[in-house]
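Written out below as structure tokens is the structure these notes cover.
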Amino acid sequence: MMAPFLPLEILNSLPGLESARYVDPYAGSKGNSIRFNLITLCEANLRVIGVENLFCAGEKIGLAVGHTEAIVSGSLAGYNAVRYAREKELFVLPEELSVGDYIKYIIEMVQKKENRSKKFTFSGSIYFERMKEKNLYTTDHRKIRDRVAKLGLLDIFKRE
Ligand SMILES: Cc1cc2nc3c(=O)[nH]c(=O)nc-3n(C[C@H](O)[C@H](O)[C@H](O)COP(=O)(O)OP(=O)(O)OC[C@H]3O[C@@H](n4cnc5c(N)ncnc54)[C@H](O)[C@@H]3O)c2cc1C
60 MMAPFLPLEI LNSLPGLESA RYVDPYAGSK GNSIRFNLIT LCEANLRVIG VENLFCAGEK
120 IGLAVGHTEA IVSGSLAGYN AVRYAREKEL FVLPEELSVG DYIKYIIEMV QKKENRSKKF
180 TFSGSIYFER MKEKNLYTTD HRKIRDRVAK LGLLDIFKRE
């Protein structure tokens, strides 16, 4: 599916990764990555439907594939897990932000079984097209910061 592209000698030159090695592909080339085998239906706040104190993120909420996608959804799920434990109202990222629209879109799409094998990522495919159509795509940090500020959400994850 995907193979490491970073030459091993460069990887090994990084502190802490001197002895790292690739074990890819696994299983005599028959399989190198067992993923995408379970989707857990969630609410937009990433609480698992039907389990009051369980929150979900990444490739389990629908195929939210990628590191950014894991960070975006994992931050929200973790934040809401803490809010739940403190008996506070759960937070939903607004759809005016690409991160909020992304999560909302996946949650809606995976309601239908036929969408559960689709991959959603900021870096291409279905969601990248939607992000452009909705005028959410930009690489301008100041513009993104302004959007977040207008919604009153600067430093939201630092708040109690
Ligand atoms: C070879 C390869 C290259 C990639 N390259 C890129 C890239 O360049 N850029 C990019 O953005 N994305 C890349 N990806 C995708 C990205 O790595 C994943 O989408 C992302 O790591 C998924 O994060 P996750 O938290 O959803 O799942 P994972 O990172 O898979 O985390 C799930 C964790 O749950 C643990 N777990 C599973 N079952 C249990 C259990 N029963 N009990 C307890 N723990 C359990 C697993 O051990 C694992 O640590 C790549 C993926 C692969 C395989």
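Under my numbering, the residues of the sequence shown are numbered 60 to 219, in order. Glycine included, every Cβ here is placed at the ideal spot set by N, Cα and C. Being a predicted model, the structure only gives us computed values, none of them experimental.
Hey, quick one: how far does the alpha helix (DSSP H) through residue i stretch, first residue to last?
| i | result |
| --- | --- |
| residue 187 | 184–192 |
| residue 217 | Taken as a continuous stretch (DSSP letters only), residue 217 belongs to no alpha helix (DSSP H), as it is neither H nor E. |
| residue 211 | Neither: residue 211 is in no alpha helix (DSSP H) and is coded neither H nor E. |
| residue 159 | 157–168 |
Under a three-way DSSP split, which group does residue i fall into?
| i | result |
| --- | --- |
| residue 177 | coil |
| residue 79 | coil |
| residue 152 | coil |
| residue 135 | helix |
| residue 67 | helix |
| residue 199 | coil |
| residue 60 | With a pLDDT of 45 at residue 60, under the threshold of 50, the predicted position of this residue should be treated as unreliable, though the coordinate-derived value follows. Note: residue 60 maps to coil in three-state DSSP. |
Using DSSP bridges, identify the partner residues of residue i.
| i | result |
| --- | --- |
| residue 106 | 114 |
| residue 123 | 179 |
So, is the C-beta of residue i closer than 9 Å to a C-beta in chain D?
| i | result |
| --- | --- |
| residue 71 | Although the question refers to chain D, the structure presented lacks it and comprises just one protein chain. |
Hey, residue i and residue j are a contact pair by Cβ (cut 8 Å); roughly how many whole angstroms apart?
| i | j | result |
| --- | --- | --- |
| residue 124 | residue 118 | 6 Å |
| residue 158 | residue 152 | 5 Å |
| residue 185 | residue 177 | 6 Å |
| residue 132 | residue 144 | With a Cβ gap of about 19 Å, residue 132 and residue 144 do not count as contacting. |
| residue 127 | residue 181 | 6 Å |
| residue 139 | residue 104 | 5 Å |
| residue 163 | residue 154 | 5 Å |
| residue 121 | residue 179 | 6 Å |
| residue 160 | residue 135 | Residue 160 to residue 135, Cβ: 13 Å. No contact. |
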